[in-house]
Amino acid sequence: MESRTPVSEWRRSIPAAITHMTNPTSTLRVRFAPSPTGYLHVGGARTALFNWLLARKLGGVFVLRIEDTDRERSSEAMIEGVIAGLRWLGLDWDEGPYLQSAFLARHQAVAEELVARGLAYRAFETPQELEALRLSAQERKASFLYKGGKWRDALPDDTQAQLQAGIPHVIRLATPRSGIFEWHDDVFGPLTQDWTEVDDYVLLRSDGSPTYMLSVVVDDIDMGITQVVRGADHIANTPKQVLLYQALGAAPPRFAHLPLILGTDRSRLSKRHGATSVLAYRDEGFLPWAFCNFLALIGWSPNDNQEVFATPGELIERFSLEGVSRTNGVFDADKARWVNSQHLAHHVEEKELLERLQPHLAALDIQPASSPEDAAYQTSVQLLKPRARTLVELAQMLRPYLSDSFEIDQAAVRKNVLTSGAGDFLPDLIQVIEQLDFTDLVAMETRLREFSEAHALSTGKVFNCIRTALTGQKVSPGIFETLQAIGQLRTRQRLQQALELCQTVQPAP
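Here the sequence shown stands for residues 40 to 548, numbered as in this note's numbering.
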(Lines of atoms letter the chains of each structure in order from A and count residues from 1; the text may use other names and numbers.)
(Lines give C-alpha, C1' and ligand atoms only; values in the text may rest on other atoms or scores of the structure.)
Protein backbone atom coordinates (compact mmCIF):
# COMPACT_ATOMS: atom_id res chain seq x y z
CA MET A 1 0.00 0.00 0.00
CA GLU A 2 1.12 3.57 -0.56
CA SER A 3 2.95 5.40 2.16
CA ARG A 4 1.80 8.79 3.40
CA THR A 5 4.96 9.44 5.38
CA PRO A 6 6.30 12.99 4.86
CA VAL A 7 9.34 13.27 2.62
CA SER A 8 11.47 14.41 5.54
CA GLU A 9 10.66 11.14 7.30
CA TRP A 10 11.56 9.11 4.23
CA ARG A 11 15.01 10.67 4.23
CA ARG A 12 15.61 9.49 7.78
CA SER A 13 14.13 6.02 7.37
CA ILE A 14 15.66 4.85 4.08
CA PRO A 15 18.75 2.64 4.53
CA ALA A 16 22.06 3.79 3.13
CA ALA A 17 21.88 1.02 0.53
CA ILE A 18 19.51 -1.73 -0.41
CA THR A 19 20.86 -5.27 -0.27
CA HIS A 20 22.50 -6.07 -3.60
CA MET A 21 20.49 -8.81 -5.29
CA THR A 22 22.92 -11.13 -7.09
CA ASN A 23 20.27 -13.76 -7.87
CA PRO A 24 17.43 -12.80 -10.21
CA THR A 25 14.03 -12.99 -8.57
CA SER A 26 11.24 -15.03 -10.11
CA THR A 27 8.70 -12.38 -9.07
CA LEU A 28 7.99 -9.59 -11.51
CA ARG A 29 9.35 -6.32 -10.12
CA VAL A 30 8.65 -3.07 -11.92
CA ARG A 31 9.27 0.50 -10.93
CA PHE A 32 8.16 4.04 -11.60
CA ALA A 33 11.09 6.38 -11.16
CA PRO A 34 10.12 10.00 -11.88
CA SER A 35 12.25 13.07 -11.46
CA PRO A 36 10.58 15.52 -9.05
CA THR A 37 9.53 18.36 -11.33
CA GLY A 38 6.82 19.65 -9.00
CA TYR A 39 3.93 17.79 -10.58
CA LEU A 40 3.08 14.47 -12.20
CA HIS A 41 3.14 14.90 -15.98
CA VAL A 42 0.49 13.01 -17.96
CA GLY A 43 3.27 11.12 -19.77
CA GLY A 44 4.76 10.01 -16.48
CA ALA A 45 1.30 9.12 -15.21
CA ARG A 46 0.76 6.78 -18.16
CA THR A 47 4.15 5.15 -17.52
CA ALA A 48 3.23 4.68 -13.86
CA LEU A 49 -0.17 3.27 -14.85
CA PHE A 50 1.28 0.70 -17.27
CA ASN A 51 3.81 -0.46 -14.66
CA TRP A 52 1.05 -0.67 -12.04
CA LEU A 53 -1.26 -2.60 -14.36
CA LEU A 54 1.50 -5.06 -15.23
CA ALA A 55 2.36 -5.64 -11.56
CA ARG A 56 -1.27 -6.15 -10.58
CA LYS A 57 -1.93 -8.41 -13.58
CA LEU A 58 1.03 -10.73 -12.93
CA GLY A 59 1.14 -10.62 -9.14
CA GLY A 60 4.30 -8.54 -9.17
CA VAL A 61 5.73 -5.73 -7.08
CA PHE A 62 5.35 -2.06 -8.00
CA VAL A 63 8.24 0.03 -6.66
CA LEU A 64 8.20 3.83 -6.42
CA ARG A 65 11.58 5.55 -6.57
CA ILE A 66 12.05 9.31 -6.75
CA GLU A 67 15.12 10.22 -8.79
CA ASP A 68 16.00 13.35 -6.85
CA THR A 69 19.73 13.58 -7.58
CA ASP A 70 19.34 16.88 -9.48
CA ARG A 71 19.91 19.15 -6.50
CA GLU A 72 18.68 22.32 -8.21
CA ARG A 73 15.33 20.81 -9.25
CA SER A 74 14.62 18.62 -6.24
CA SER A 75 12.81 19.80 -3.14
CA GLU A 76 10.31 18.34 -0.72
CA ALA A 77 7.50 20.35 -2.32
CA MET A 78 8.38 19.08 -5.79
CA ILE A 79 8.45 15.49 -4.57
CA GLU A 80 5.09 15.93 -2.86
CA GLY A 81 3.62 17.17 -6.15
CA VAL A 82 4.49 13.88 -7.85
CA ILE A 83 3.23 11.83 -4.90
CA ALA A 84 -0.05 13.77 -4.83
CA GLY A 85 -0.66 12.95 -8.49
CA LEU A 86 -0.14 9.22 -7.93
CA ARG A 87 -2.36 9.24 -4.87
CA TRP A 88 -5.17 10.96 -6.74
CA LEU A 89 -4.98 8.42 -9.55
CA GLY A 90 -5.14 5.60 -7.01
CA LEU A 91 -1.88 4.02 -8.18
CA ASP A 92 -0.72 2.47 -4.91
CA TRP A 93 2.83 1.17 -4.63
CA ASP A 94 4.18 -1.87 -2.82
CA GLU A 95 7.65 -0.54 -1.96
CA GLY A 96 8.97 2.94 -1.48
CA PRO A 97 8.96 5.73 -2.05
CA TYR A 98 12.74 5.47 -2.16
CA LEU A 99 14.77 8.63 -2.66
CA GLN A 100 17.65 8.06 -5.04
CA SER A 101 19.78 10.63 -3.24
CA ALA A 102 19.93 8.28 -0.26
CA PHE A 103 22.14 5.93 -2.29
CA LEU A 104 24.83 8.46 -3.28
CA ALA A 105 27.63 6.59 -1.51
CA ARG A 106 26.62 3.36 -3.23
CA HIS A 107 26.68 5.00 -6.67
CA GLN A 108 30.09 6.54 -6.03
CA ALA A 109 31.48 3.22 -4.83
CA VAL A 110 30.28 1.44 -7.97
CA ALA A 111 31.98 4.03 -10.20
CA GLU A 112 35.24 3.58 -8.32
CA GLU A 113 34.87 -0.21 -8.55
CA LEU A 114 34.55 0.01 -12.33
CA VAL A 115 37.68 2.16 -12.53
CA ALA A 116 39.59 -0.35 -10.40
CA ARG A 117 38.50 -3.17 -12.73
CA GLY A 118 39.56 -1.26 -15.84
CA LEU A 119 36.00 -0.93 -17.15
CA ALA A 120 35.84 2.83 -16.57
CA TYR A 121 38.45 5.56 -16.49
CA ARG A 122 39.12 9.04 -15.16
CA ALA A 123 39.03 11.84 -17.74
CA PHE A 124 40.63 15.20 -16.91
CA GLU A 125 39.62 17.37 -19.88
CA THR A 126 38.72 20.91 -18.91
CA PRO A 127 35.44 22.47 -20.09
CA GLN A 128 37.50 24.49 -22.56
CA GLU A 129 39.10 21.36 -24.01
CA LEU A 130 35.72 19.67 -24.40
CA GLU A 131 34.33 22.76 -26.11
CA ALA A 132 37.27 22.72 -28.53
CA LEU A 133 36.47 19.10 -29.39
CA ARG A 134 32.84 20.04 -30.02
CA LEU A 135 33.83 22.94 -32.29
CA SER A 136 36.21 20.69 -34.20
CA ALA A 137 33.42 18.19 -34.81
CA GLN A 138 31.13 21.01 -35.87
CA GLU A 139 33.68 22.25 -38.40
CA ARG A 140 33.85 18.72 -39.83
CA LYS A 141 30.03 18.72 -39.92
CA ALA A 142 30.08 15.71 -37.63
CA SER A 143 28.25 15.11 -34.37
CA PHE A 144 30.41 15.33 -31.27
CA LEU A 145 31.12 11.92 -29.78
CA TYR A 146 33.54 11.49 -26.89
CA LYS A 147 35.20 8.16 -27.59
CA GLY A 148 38.37 7.49 -25.65
CA GLY A 149 39.95 10.92 -25.76
CA LYS A 150 43.47 11.01 -24.41
CA TRP A 151 42.67 9.54 -20.99
CA ARG A 152 41.12 6.17 -21.78
CA ASP A 153 44.51 4.68 -22.61
CA ALA A 154 46.60 7.01 -20.45
CA LEU A 155 49.47 5.58 -18.45
CA PRO A 156 48.65 4.98 -14.77
CA ASP A 157 51.43 7.37 -13.75
CA ASP A 158 49.89 10.19 -15.80
CA THR A 159 46.49 9.63 -14.22
CA GLN A 160 48.01 9.48 -10.75
CA ALA A 161 49.89 12.73 -11.32
CA GLN A 162 46.66 14.49 -12.22
CA LEU A 163 44.97 13.11 -9.11
CA GLN A 164 47.79 14.23 -6.86
CA ALA A 165 47.64 17.69 -8.39
CA GLY A 166 43.94 17.87 -7.54
CA ILE A 167 42.83 18.30 -11.14
CA PRO A 168 39.02 17.91 -11.45
CA HIS A 169 37.90 14.89 -13.40
CA VAL A 170 34.93 12.78 -14.35
CA ILE A 171 34.62 9.00 -14.52
CA ARG A 172 33.57 7.60 -17.90
CA LEU A 173 32.54 4.09 -18.91
CA ALA A 174 34.79 2.52 -21.54
CA THR A 175 32.31 1.50 -24.23
CA PRO A 176 33.23 -0.93 -27.05
CA ARG A 177 35.14 0.67 -29.91
CA SER A 178 33.39 -1.45 -32.54
CA GLY A 179 30.71 -4.06 -33.04
CA ILE A 180 26.92 -4.22 -33.10
CA PHE A 181 24.70 -4.63 -30.05
CA GLU A 182 21.41 -6.47 -30.53
CA TRP A 183 18.54 -6.68 -28.08
CA HIS A 184 14.81 -7.39 -27.99
CA ASP A 185 12.31 -4.82 -26.82
CA ASP A 186 8.94 -6.14 -25.63
CA VAL A 187 7.15 -3.46 -27.66
CA PHE A 188 9.46 -2.54 -30.55
CA GLY A 189 10.90 -6.00 -31.14
CA PRO A 190 14.50 -6.58 -32.34
CA LEU A 191 16.72 -3.48 -32.16
CA THR A 192 20.39 -2.86 -32.88
CA GLN A 193 23.04 -0.30 -31.97
CA ASP A 194 26.43 0.29 -33.58
CA TRP A 195 28.95 0.74 -30.76
CA THR A 196 30.94 3.23 -32.84
CA GLU A 197 28.02 5.61 -32.36
CA VAL A 198 27.99 5.33 -28.55
CA ASP A 199 30.17 7.67 -26.51
CA ASP A 200 32.15 6.89 -23.39
CA TYR A 201 29.47 8.42 -21.25
CA VAL A 202 30.01 10.00 -17.84
CA LEU A 203 29.20 7.94 -14.74
CA LEU A 204 30.42 10.35 -12.07
CA ARG A 205 30.65 14.11 -12.48
CA SER A 206 33.59 16.18 -11.31
CA ASP A 207 31.69 17.20 -8.16
CA GLY A 208 31.25 13.54 -7.23
CA SER A 209 27.57 13.37 -8.15
CA PRO A 210 26.42 10.36 -10.19
CA THR A 211 24.71 10.75 -13.54
CA TYR A 212 21.29 9.33 -14.35
CA MET A 213 22.91 6.56 -16.41
CA LEU A 214 24.83 5.22 -13.42
CA SER A 215 22.22 5.75 -10.72
CA VAL A 216 19.33 4.18 -12.58
CA VAL A 217 21.21 0.97 -13.35
CA VAL A 218 22.67 0.57 -9.87
CA ASP A 219 19.29 1.18 -8.24
CA ASP A 220 17.48 -1.16 -10.61
CA ILE A 221 20.00 -3.89 -9.81
CA ASP A 222 19.84 -3.30 -6.07
CA MET A 223 16.04 -3.21 -6.09
CA GLY A 224 15.80 -6.37 -8.16
CA ILE A 225 13.87 -4.78 -11.02
CA THR A 226 13.05 -7.46 -13.60
CA GLN A 227 11.09 -5.41 -16.15
CA VAL A 228 11.64 -1.79 -17.16
CA VAL A 229 8.62 -0.11 -18.75
CA ARG A 230 9.33 3.47 -19.82
CA GLY A 231 8.96 5.97 -22.66
CA ALA A 232 10.42 5.39 -26.11
CA ASP A 233 12.70 8.40 -25.65
CA HIS A 234 14.85 6.07 -23.52
CA ILE A 235 15.47 3.50 -26.28
CA ALA A 236 18.84 5.08 -27.08
CA ASN A 237 19.87 4.66 -23.42
CA THR A 238 19.22 0.92 -23.41
CA PRO A 239 22.50 -0.31 -25.00
CA LYS A 240 24.50 1.94 -22.68
CA GLN A 241 22.65 0.64 -19.65
CA VAL A 242 22.83 -3.03 -20.66
CA LEU A 243 26.59 -2.58 -21.02
CA LEU A 244 26.70 -1.29 -17.45
CA TYR A 245 24.61 -4.23 -16.21
CA GLN A 246 27.13 -6.56 -17.81
CA ALA A 247 30.05 -4.66 -16.33
CA LEU A 248 28.50 -5.10 -12.88
CA GLY A 249 27.85 -8.80 -13.41
CA ALA A 250 24.07 -8.43 -13.29
CA ALA A 251 21.44 -9.83 -15.61
CA PRO A 252 19.66 -6.93 -17.33
CA PRO A 253 15.88 -6.71 -16.99
CA ARG A 254 13.46 -6.99 -19.86
CA PHE A 255 12.77 -3.66 -21.54
CA ALA A 256 9.47 -2.36 -22.91
CA HIS A 257 9.38 1.13 -24.37
CA LEU A 258 6.09 2.97 -24.68
CA PRO A 259 5.26 5.19 -27.67
CA LEU A 260 5.52 8.89 -27.02
CA ILE A 261 2.48 11.05 -26.30
CA LEU A 262 1.90 13.81 -28.84
CA GLY A 263 -0.48 16.72 -29.06
CA THR A 264 -3.32 16.76 -31.57
CA ASP A 265 -0.99 18.54 -34.03
CA ARG A 266 1.39 15.54 -33.77
CA SER A 267 4.11 17.55 -32.02
CA ARG A 268 5.55 16.64 -28.63
CA LEU A 269 2.95 17.19 -25.90
CA SER A 270 3.46 20.51 -24.13
CA LYS A 271 1.49 23.12 -22.22
CA ARG A 272 0.42 24.77 -25.46
CA HIS A 273 -1.77 21.72 -26.06
CA GLY A 274 -3.46 22.22 -22.69
CA ALA A 275 -2.72 21.13 -19.16
CA THR A 276 0.06 18.56 -18.77
CA SER A 277 -0.22 18.13 -15.00
CA VAL A 278 -2.38 15.28 -13.76
CA LEU A 279 -3.71 17.41 -10.90
CA ALA A 280 -4.98 20.00 -13.37
CA TYR A 281 -7.42 17.36 -14.58
CA ARG A 282 -8.43 16.64 -11.02
CA ASP A 283 -9.21 20.34 -10.62
CA GLU A 284 -11.17 20.32 -13.90
CA GLY A 285 -13.40 17.64 -12.47
CA PHE A 286 -12.14 14.35 -13.84
CA LEU A 287 -12.75 11.14 -11.93
CA PRO A 288 -9.46 9.44 -11.02
CA TRP A 289 -10.24 6.06 -12.53
CA ALA A 290 -11.81 7.63 -15.61
CA PHE A 291 -8.57 9.53 -16.21
CA CYS A 292 -6.58 6.31 -15.78
CA ASN A 293 -8.93 4.67 -18.29
CA PHE A 294 -8.23 7.48 -20.75
CA LEU A 295 -4.45 7.32 -20.22
CA ALA A 296 -4.48 3.58 -20.89
CA LEU A 297 -5.94 4.22 -24.34
CA ILE A 298 -2.98 6.37 -25.40
CA GLY A 299 -0.78 3.86 -27.18
CA TRP A 300 -2.60 0.73 -26.02
CA SER A 301 -5.80 -1.08 -26.95
CA PRO A 302 -7.30 -4.51 -26.37
CA ASN A 303 -7.91 -6.74 -29.35
CA ASP A 304 -11.62 -5.88 -29.44
CA ASN A 305 -11.14 -2.08 -29.28
CA GLN A 306 -13.06 -1.70 -26.01
CA GLU A 307 -12.60 1.85 -24.73
CA VAL A 308 -14.43 2.12 -21.41
CA PHE A 309 -13.26 0.00 -18.48
CA ALA A 310 -15.62 0.40 -15.57
CA THR A 311 -13.23 -0.74 -12.83
CA PRO A 312 -9.50 -1.19 -12.28
CA GLY A 313 -10.06 -4.93 -12.15
CA GLU A 314 -11.57 -4.94 -15.63
CA LEU A 315 -8.60 -3.10 -17.13
CA ILE A 316 -6.07 -5.19 -15.21
CA GLU A 317 -7.62 -8.34 -16.63
CA ARG A 318 -7.41 -7.04 -20.21
CA PHE A 319 -4.01 -5.34 -20.06
CA SER A 320 -0.89 -6.78 -21.66
CA LEU A 321 2.22 -5.37 -23.31
CA GLU A 322 1.18 -7.12 -26.52
CA GLY A 323 -1.51 -4.47 -26.90
CA VAL A 324 0.96 -1.56 -26.79
CA SER A 325 1.39 0.16 -30.15
CA ARG A 326 4.68 1.20 -31.70
CA THR A 327 3.00 4.30 -33.09
CA ASN A 328 3.05 7.48 -31.02
CA GLY A 329 -0.22 8.21 -29.24
CA VAL A 330 -2.22 11.44 -29.21
CA PHE A 331 -3.46 13.21 -26.10
CA ASP A 332 -6.96 14.29 -27.12
CA ALA A 333 -8.62 16.33 -24.37
CA ASP A 334 -12.03 15.89 -26.00
CA LYS A 335 -11.58 12.12 -25.90
CA ALA A 336 -10.58 12.42 -22.24
CA ARG A 337 -13.81 14.26 -21.47
CA TRP A 338 -15.85 11.69 -23.38
CA VAL A 339 -14.33 8.83 -21.38
CA ASN A 340 -14.97 10.79 -18.19
CA SER A 341 -18.59 11.38 -19.21
CA GLN A 342 -19.11 7.63 -19.64
CA HIS A 343 -17.84 6.99 -16.13
CA LEU A 344 -19.95 9.82 -14.73
CA ALA A 345 -23.09 8.52 -16.38
CA HIS A 346 -22.68 4.79 -15.89
CA HIS A 347 -19.82 3.59 -13.72
CA VAL A 348 -19.01 5.76 -10.70
CA GLU A 349 -20.56 4.74 -7.39
CA GLU A 350 -23.19 7.22 -6.20
CA LYS A 351 -21.53 7.84 -2.84
CA GLU A 352 -18.16 8.55 -4.46
CA LEU A 353 -19.74 10.87 -7.02
CA LEU A 354 -21.62 12.90 -4.42
CA GLU A 355 -18.52 13.25 -2.26
CA ARG A 356 -16.26 14.24 -5.17
CA LEU A 357 -18.78 16.86 -6.26
CA GLN A 358 -18.70 18.69 -2.93
CA PRO A 359 -15.51 20.76 -3.47
CA HIS A 360 -16.63 21.79 -6.97
CA LEU A 361 -19.98 22.95 -5.61
CA ALA A 362 -18.22 24.78 -2.80
CA ALA A 363 -16.09 26.60 -5.40
CA LEU A 364 -19.37 27.96 -6.79
CA ASP A 365 -20.58 28.91 -3.30
CA ILE A 366 -23.25 26.22 -3.44
CA GLN A 367 -24.00 24.36 -0.25
CA PRO A 368 -26.45 21.67 -1.32
CA ALA A 369 -26.88 19.87 1.96
CA SER A 370 -25.34 19.07 5.27
CA SER A 371 -24.39 15.66 3.88
CA PRO A 372 -24.17 13.88 0.51
CA GLU A 373 -27.08 11.67 1.62
CA ASP A 374 -29.56 14.56 1.15
CA ALA A 375 -32.38 13.28 -1.11
CA ALA A 376 -32.75 16.45 -3.20
CA TYR A 377 -29.01 16.49 -3.84
CA GLN A 378 -29.02 12.87 -4.95
CA THR A 379 -32.05 13.34 -7.21
CA SER A 380 -30.55 16.36 -8.95
CA VAL A 381 -27.20 14.67 -9.49
CA GLN A 382 -28.78 11.53 -10.94
CA LEU A 383 -30.87 13.66 -13.30
CA LEU A 384 -28.00 15.75 -14.63
CA LYS A 385 -24.97 13.46 -14.60
CA PRO A 386 -25.67 11.92 -18.06
CA ARG A 387 -25.35 15.44 -19.53
CA ALA A 388 -22.01 16.37 -17.94
CA ARG A 389 -18.49 15.59 -19.09
CA THR A 390 -16.74 16.63 -15.88
CA LEU A 391 -17.56 17.31 -12.26
CA VAL A 392 -17.05 21.02 -12.88
CA GLU A 393 -19.66 20.95 -15.64
CA LEU A 394 -22.00 18.94 -13.42
CA ALA A 395 -21.58 21.42 -10.57
CA GLN A 396 -22.43 24.29 -12.90
CA MET A 397 -25.50 22.45 -14.19
CA LEU A 398 -26.65 21.90 -10.62
CA ARG A 399 -26.83 25.60 -9.76
CA PRO A 400 -30.54 26.08 -10.56
CA TYR A 401 -31.37 22.89 -8.68
CA LEU A 402 -29.43 23.63 -5.50
CA SER A 403 -29.15 27.41 -5.43
CA ASP A 404 -31.19 30.50 -6.23
CA SER A 405 -28.20 32.12 -7.90
CA PHE A 406 -27.70 30.81 -11.42
CA GLU A 407 -27.01 31.95 -14.95
CA ILE A 408 -29.95 33.25 -17.00
CA ASP A 409 -30.22 32.94 -20.79
CA GLN A 410 -31.93 36.24 -21.60
CA ALA A 411 -32.86 35.11 -25.10
CA ALA A 412 -34.65 32.10 -23.65
CA VAL A 413 -36.47 34.36 -21.16
CA ARG A 414 -37.68 36.66 -23.95
CA LYS A 415 -38.89 33.78 -26.09
CA ASN A 416 -40.39 31.44 -23.50
CA VAL A 417 -41.62 33.87 -20.84
CA LEU A 418 -41.94 37.48 -21.97
CA THR A 419 -43.31 37.00 -25.49
CA SER A 420 -45.17 33.71 -25.05
CA GLY A 421 -48.24 35.05 -23.32
CA ALA A 422 -47.06 33.52 -20.07
CA GLY A 423 -48.38 36.45 -18.08
CA ASP A 424 -51.91 35.32 -18.93
CA PHE A 425 -51.63 31.68 -17.88
CA LEU A 426 -49.00 31.79 -15.09
CA PRO A 427 -51.49 32.71 -12.29
CA ASP A 428 -53.56 29.60 -13.01
CA LEU A 429 -50.43 27.48 -13.54
CA ILE A 430 -49.09 28.48 -10.11
CA GLN A 431 -52.34 27.29 -8.52
CA VAL A 432 -52.02 23.94 -10.31
CA ILE A 433 -48.39 23.59 -9.17
CA GLU A 434 -49.46 24.15 -5.56
CA GLN A 435 -51.83 21.18 -5.82
CA LEU A 436 -49.49 18.72 -7.61
CA ASP A 437 -48.03 15.64 -5.96
CA PHE A 438 -44.33 16.05 -6.78
CA THR A 439 -43.62 12.42 -5.91
CA ASP A 440 -45.81 11.12 -8.79
CA LEU A 441 -44.30 11.88 -12.21
CA VAL A 442 -47.18 10.30 -14.12
CA ALA A 443 -49.79 12.34 -12.27
CA MET A 444 -47.73 15.51 -12.79
CA GLU A 445 -47.56 14.95 -16.53
CA THR A 446 -51.29 14.17 -16.78
CA ARG A 447 -52.32 17.29 -14.85
CA LEU A 448 -50.04 19.66 -16.76
CA ARG A 449 -51.21 18.32 -20.11
CA GLU A 450 -54.78 18.79 -18.96
CA PHE A 451 -53.91 22.37 -17.97
CA SER A 452 -52.49 23.08 -21.43
CA GLU A 453 -55.55 21.67 -23.16
CA ALA A 454 -57.96 23.56 -20.89
CA HIS A 455 -56.23 26.85 -21.70
CA ALA A 456 -55.97 26.07 -25.43
CA LEU A 457 -52.19 26.18 -25.20
CA SER A 458 -49.61 23.90 -26.76
CA THR A 459 -47.75 21.76 -24.26
CA GLY A 460 -44.52 23.09 -25.77
CA LYS A 461 -45.44 26.68 -24.83
CA VAL A 462 -46.34 25.71 -21.26
CA PHE A 463 -43.44 23.34 -20.71
CA ASN A 464 -40.87 25.75 -22.19
CA CYS A 465 -42.15 28.52 -19.94
CA ILE A 466 -41.77 26.27 -16.91
CA ARG A 467 -38.32 25.12 -18.02
CA THR A 468 -36.92 28.61 -18.49
CA ALA A 469 -38.55 29.94 -15.32
CA LEU A 470 -37.00 27.11 -13.30
CA THR A 471 -33.53 26.80 -14.85
CA GLY A 472 -32.96 30.05 -16.73
CA GLN A 473 -32.18 28.02 -19.86
CA LYS A 474 -33.95 26.88 -23.02
CA VAL A 475 -33.01 23.23 -22.54
CA SER A 476 -33.03 20.91 -19.55
CA PRO A 477 -33.59 17.28 -18.70
CA GLY A 478 -37.19 16.03 -18.89
CA ILE A 479 -39.51 18.74 -17.61
CA PHE A 480 -41.27 16.54 -15.07
CA GLU A 481 -37.99 15.18 -13.68
CA THR A 482 -36.73 18.76 -13.52
CA LEU A 483 -39.79 19.84 -11.55
CA GLN A 484 -39.30 16.96 -9.15
CA ALA A 485 -35.59 17.69 -8.66
CA ILE A 486 -36.07 21.41 -8.05
CA GLY A 487 -38.96 20.79 -5.71
CA GLN A 488 -42.39 22.25 -5.18
CA LEU A 489 -41.37 25.25 -3.07
CA ARG A 490 -38.67 26.52 -5.44
CA THR A 491 -40.89 25.80 -8.46
CA ARG A 492 -43.69 27.97 -7.08
CA GLN A 493 -41.27 30.76 -6.15
CA ARG A 494 -39.67 30.86 -9.60
CA LEU A 495 -42.97 30.77 -11.46
CA GLN A 496 -44.13 33.68 -9.27
CA GLN A 497 -40.92 35.56 -10.15
CA ALA A 498 -41.60 34.87 -13.84
CA LEU A 499 -45.12 36.25 -13.45
CA GLU A 500 -43.82 39.40 -11.76
CA LEU A 501 -41.30 39.81 -14.58
CA CYS A 502 -44.09 39.61 -17.15
CA GLN A 503 -46.05 42.26 -15.25
CA THR A 504 -43.15 44.71 -14.92
CA VAL A 505 -41.14 44.27 -18.12
CA GLN A 506 -42.36 45.37 -21.52
CA PRO A 507 -41.04 42.76 -23.96
CA ALA A 508 -39.04 44.01 -26.90
CA PRO A 509 -40.89 43.79 -30.21
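We put the CB at the ideal spot given by N, CA and C, even for glycine.
Cβ atoms of residue 284 and residue 238 stay farther apart than 8 angstroms, at about 18 angstroms. Per DSSP, residue 220 is one residue of the beta strand (DSSP E) stretching across 219-224.
Out of 91, 118, 386, the CA that lies nearest to the CA of residue 100 is found in 91.
Fully contained in the segment 314-352 are the following alpha helix (DSSP H) runs of length 4 or more, in chain order: 317-323, 327-335. Taking 8 angstroms as the cut-off, the Cβ atoms of residue 363 and residue 267 do not count as close. Looking at 336, 418, 390, the one whose alpha-carbon comes closest to that of residue 375 is 336. Counting C-beta atoms within 10 angstroms of its own C-beta, residue 174 has fewer than 16 neighbours from the protein chains shown and is therefore classed as exposed. Uninterrupted beta strand (DSSP E) stretches at least 3 residues long and entirely within the segment 224-309 occur at 228-233, 241-243, 266-270, 293-297, given in chain order.
In this structure, residue 279 keeps its C-beta atom at 8 angstroms or more from the C-beta atom of residue 262. For residue 164, the closest of 148, 198, 448 by C-alpha to C-alpha distance is 198.
In this structure, residue 212 and residue 158 form a Cβ contact; the two beta carbons are roughly 7 angstroms apart against a cut-off of 8 angstroms. Per DSSP, reduced to three states, the secondary structure at residue 80 is strand. Secondary structure within the segment 70-150: the alpha helix (DSSP H) runs of 4 or more consecutive residues, fully enclosed, are 81-97, 115-128 (chain order). The beta carbons of residue 254 and residue 134 sit no closer together than 8 angstroms. In this structure, residue 378 sits away from residue 344, with a CB-CB distance that is not shorter than 8 angstroms.
Rounded to whole angstroms, the Cβ separation of residue 537 and residue 461 is 6 angstroms, and the two are in contact under 8 angstroms. The residue among 413, 305, 393 with its C-alpha nearest the C-alpha of residue 369 is 305. In this structure, the beta-carbon distance from residue 456 to residue 540 falls below 8 angstroms.
The three-state secondary structure of residue 161, taken from DSSP, is strand.
For the options 423, 398, 123, 361, the alpha carbon positioned closest to that of residue 385 is the one of 423. Each residue's CA atom was taken as its position, placing residue 400 and residue 406 some 7 angstroms apart. Counting only runs of 3+ residues, no beta strand (DSSP E) is found wholly inside the segment 368-399. Classified as buried, residue 94 has 16 or more neighbouring CB atoms from the shown chains inside 10 Å of its CB. Per DSSP, reduced to three states, the secondary structure at residue 212 is strand. Boundaries of the alpha helix (DSSP H) harbouring residue 462: 461-474, taken from the DSSP string.
Looking at 232, 448, 281, 161, the one whose alpha-carbon comes closest to that of residue 260 is 281. Leaving aside the five residues that flank residue 206 on each side, the residues in its chain whose CB is nearer than 6 angstroms to its CB run, in chain order, 163. The alpha carbon of residue 258 has as its nearest neighbour, out of 270, 230, 287, 151, the alpha carbon of 287.
Residue 293 sits away from residue 301, with the two beta carbons spaced by 8 angstroms or more. For residue 183, the closest of 388, 443, 169 by C-alpha to C-alpha distance is 169.
Residue 472 is positioned such that its CB atom lies closer than 8 angstroms to that of residue 530. In this structure, the alpha-carbon of residue 404 lies about 27 angstroms from that of residue 328. For the pair residue 433 and residue 323, the Cα-to-Cα distance works out to about 11 angstroms.
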